[in-house]
Amino acid sequence: MVKIDYGKAFVITLVLVLIGLAGVKMLDDAKLASLSNDVQSAVDELESTRLLFLYSQTFQDQNSSAFCTALEFSTEKQMDKGTNFITRLKQLEDANLFADYRETQRRYFLSNVELWLYATQAREKCKGDAFISILFFHETKTHCPDCIVQGQILDEVRAECGNVRVITLATDLDIDLVDLIKTRYNVTSAPSMVFDDGTVIRGLVKKEKVMAKIDCRKTKANEQSAPLVVNGTDNGTKNSSQ
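Going from the sequence shown to my numbering is simple: count from 1 and add 58.
Printed below as a string of structure tokens:
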């Protein structure tokens, strides 16, 4: 009869478990580091926007059109992350055992608050040339299917309309500045959207309702894909009334 050394078996099992946990922690830390780098990239890009405003304030008599063009390009790069970043953040946090994502979340959403404040200033300076900003409130701590769907709809709107910027904020992270904005616009639930004219839309809404609230300037890709209409017919189709 084979005698089992339970002491050795326990030690071996414990070592294997510790190795496994160490591997999981290393993986969690690597994912957090990757996400933190993305946030730092967003913060760095925000610095360019900050410098644009400083330039504009320093040379007040300079060409505002050039400033607005540069600002539009700068903010477009920053807002490209949008809801894809939020979805990725939620997925990584749900699969995480050890890493703490709270500070990364706070940095990201605080940078978005600053971006929104710059967008508000730009609307005053650029007037008709200004881009349209949509403030999108999203939940992060709990699973919010409507938030995910609304985010996808806003991504479609942003892809179709070259002058639209979507700025995402979390409703449930107890960030003072975000809470202040929520109070200002009486945002009490997610998803919710705040438009440039101060209108607030609460709950999940279709793309058509969002489009009705904005002056969409089609991107070049969408302009080229749309059929050219001549005398009420598609280009290349003979008009029967002629």
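The C-beta atom is built at its ideal place from N, Cα and C for all residues, glycine as well.
Note that the structure is predicted; figures quoted are calculated from it, not measured.
Residue i - containing beta strand (DSSP E), residue span
i           : result
residue 252 : 250-252
residue 191 : 190-196
residue 268 : Run containing residue 268: none in the beta strand (DSSP E); it sits in the alpha helix (DSSP H), 265-270.
residue 260 : 258-260
Neighbour-count burial assignment, residue i, 16 or more Cβ in a 10 Å radius
i           : result
residue 209 : buried
residue 4   : For the chain, the structure presents residues 59 to 300; residue 4 sits outside this window and is missing.
residue 77  : exposed
residue 117 : exposed
residue 227 : buried
residue 238 : exposed
residue 163 : buried
residue 70  : exposed
residue 155 : For residue 155, the pLDDT reaches just 49, beneath the cut-off of 50, and the residue's location in the model is therefore unreliable, although a value from the coordinates is still provided. So residue 155 counts as exposed.
residue 222 : buried
residue 160 : exposed
Boundaries (first-last residue) of the alpha helix (DSSP H) holding residue i
i           : result
residue 225 : First-last for residue 225: 222-228, but that is the beta strand (DSSP E), not the alpha helix (DSSP H).
residue 239 : 234-243
residue 206 : 203-218
residue 165 : 160-184
Reference residue i; option with closest CA among the options
i           : options              : result
residue 204 : 240, 224 and 248     : 248
residue 171 : 266, 74, 258 and 240 : 240
Contact under 7 Å by Cβ, residue i with residue j
i           : j           : result
residue 233 : residue 167 : yes
residue 194 : residue 251 : yes
residue 224 : residue 192 : yes
residue 190 : residue 254 : yes
residue 176 : residue 107 : yes
residue 180 : residue 129 : yes
residue 274 : residue 219 : yes
Check: residue i C-beta below 6 Å from any heavy atom of the ligand COA
i           : result
residue 165 : With respect to the ligand COA, the structure offers nothing, as it holds no ligand at all.
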